[in-house]
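Heads up, the final residue of the sequence shown is numbered 222 in this note's numbering, and it's a clean run with no missing numbers.
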Amino acid sequence: MVTVGKPVPSFDLPATGNKNLSLKSFKGKNLVLYFYPKDNTPGCTREGQDFRDHHKAFARANTEIVGVSKDSVKVHENFCAKQSFPFDLISDTDGTLCGLFDVIKEKNMYGRKYMGIERSTFLIDAKGKLRREWRKVRVPGHVEEVLEAARELG
């Protein structure tokens with residue numbers, strides 16, 4: 069499991085744009101990895117739109133953005149196209165990356181308990197070290213807070 073202040077273990081997973089993404093793909097840049105439950109749901113769409121709308125500001129802060137859920141690459145491709153996301157989405161169908169970042173939690177919807185992704189964001193610096201984490205994320209105002217932290221990294 070990842071810990072703030074420690075290097076993030078390498079990963080290599082399929083993503084949009086017909087590619088695989090690994091930590092090495094972002095060498096020399098800061099990376100925002102945001103985990104969300106499901107494509108095309110209201111909260112996840114809003115969060116993605118917020119990252120999209122701040123994409124240029126993140127780029128000026130030498131920071132890339134990547135979303136992660138357990139949806140397939142095909143579903144991700146449709147979601148990206150529909151929302152005009154300028155960043156990639158990783159398909160973590162087997163939960164490898166979710167497990168590494170410990171984001172699979174018991175959830176409760178209408179009295180039904182199930183295991184799912186807890187909305188979480190991680191900021192990794194240009195050297196591959198985890199600098200900040202946000203867990204149990206509430207969407208309003210979240211992206212601005214992550215952007216401020218990315219700017220502080222320089």
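Note that beta-carbon positions come from the ideal geometry of N, C-alpha and C, so glycine has one too.
Indicate the three-state DSSP secondary structure (helix, strand or coil) for residue i in the structure shown.
i, result
"Phe-169", "coil"
"Ser-37", "An answer regarding residue 37 cannot be provided, because it is not within the stretch 69 to 222 covered by the chain."
"Lys-175", "strand"
"Ser-93", "helix"
"Asn-146", "helix"
"Arg-206", "coil"
"Lys-197", "strand"
"Lys-106", "coil"
"Lys-65", "The structure shown has nothing for residue 65, since the chain only spans 69 to 222."
Go ahead and label residue i buried or exposed: buried means 16 or more other beta carbons lie within 10 angstroms of its beta carbon, across all protein chains shown.
i, result
"Thr-84", "buried"
"Ser-250", "Because residue 250 is not part of the residues shown, which for the chain are 69 to 222, the question remains open."
"Val-134", "buried"
"Ala-149", "exposed"
So residue i is in the beta strand (DSSP E); what residue range does that whole segment cover?
i, result
"Gly-179", "Where Gly-179 is concerned, there is no enclosing beta strand (DSSP E), given that its DSSP letter is neither H nor E."
"Phe-190", "188-192"
"Phe-103", "98-103"
"Val-136", "131-137"
"Pro-82", "80-83"
Using C-beta distances below 7 Å, list every residue in its chain close to residue i, excluding the 5 sequence neighbours before and after it, in chain order.
i, result
"Asn-108", "Phe-147"
"Cys-112", "Tyr-104, Pro-105, Lys-106"
"Pro-154", "Arg-120, His-123"
With a threshold of 8 Å on Cβ separation, who are the neighbours of residue i within its own chain once the five nearest residues in sequence on each side are excluded?
i, result
"Phe-88", "For the sequence presented, residue 88 should be read as Asn rather than Phe. Asp-80, Leu-81, Pro-82."
"Gln-117", "Gln-151"
"Met-183", "Ile-172, Lys-173, Glu-174, Lys-175"
"Lys-142", "none"
"Lys-204", "Glu-186, Arg-187, Ser-188"
"Cys-166", "Phe-103, Val-136, Lys-138, Asp-160, Ile-172, Ile-185"
Can you list, in chain order, the residues of its chain whose CB lies under 6 Å from that of residue i, leaving out five sequence neighbours each side?
i, result
"Lys-173", "Glu-186"
Since residue i is in the alpha helix (DSSP H), which residue starts that stretch and which ends it?
i, result
"Pro-110", "110-121"
Is residue i near the ligand GTP, in the sense that its beta carbon is under 7 Å from a heavy atom of that ligand?
i, result
"Lys-92", "Although the ligand GTP was asked about, the structure shown includes no ligands whatsoever."
From the beta carbon of residue i, is the nearest beta carbon of chain C less than 8 Å away?
i, result
"Val-72", "As a matter of chain content, chain C is missing from the structure shown, which is built from one protein chain."
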